[in-house]
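Start counting the sequence shown at 0; every next residue gets the next number (numbering that gives the first Met the number 0).
Written out below as structure tokens is the structure these notes cover.
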Amino acid sequence: MMLHRASQSPADKAILKAGPGQSEQPELGRCYRDNRGHSFVVQALGGRILIEYANGEFRTLGRDQWQQLQPVPALF
Numbered sequence: 000m001m002l003h004r005a006s007q008s009p010a011d012k013a014i015l016k017a018g019p020g021q022s023e024q025p026e027l028g029r030c031y032r033d034n035r036g037h038s039f040v041v042q043a044l045g046g047r048i049l050i051e052y053a054n055g056e057f058r059t060l061g062r063d064q065w066q067q068l069q070p071v072p073a074l075f
């Protein structure tokens, strides 16, 4: 039986390129998990990044704060 490797999305490839401690750019509507293990969704992009956590909490972040979260793509 031959197994085929699933193709990777451009976002997945960007994650693989980023080294430890480096995160990708936020993607609108994408689910992530932060460095505390909490899931969130990116709701808006612009000068600030609006995220909504699974518990309903909203936060606005600057680009430096985004990096501090060390986000990784996740299934909600």
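Idealized CB from N, CA, C, for every residue including glycine.
By a C-beta neighbour count over all protein chains shown, 10 Å radius and 16 as the cutoff for buried, is Y31 buried or exposed? buried
Please report how far the alpha carbon of R58 lies from the alpha carbon of E51, in whole angstroms. Distance between the alpha carbons of R58 and E51 is about 7 Å.
Neighbourhood of V41 by C-beta, 6 Å cutoff - its chain only, sequence neighbours within 5 removed: Closer than 6 Å at Cβ, skipping near neighbours: P25, L27, R29, I50.
CB of L60 within 8 Å of CB of D33, strictly: no
Count the other CB atoms within 10 Å of the CB of E56; is the residue buried (16 or more) or exposed (fewer)? exposed
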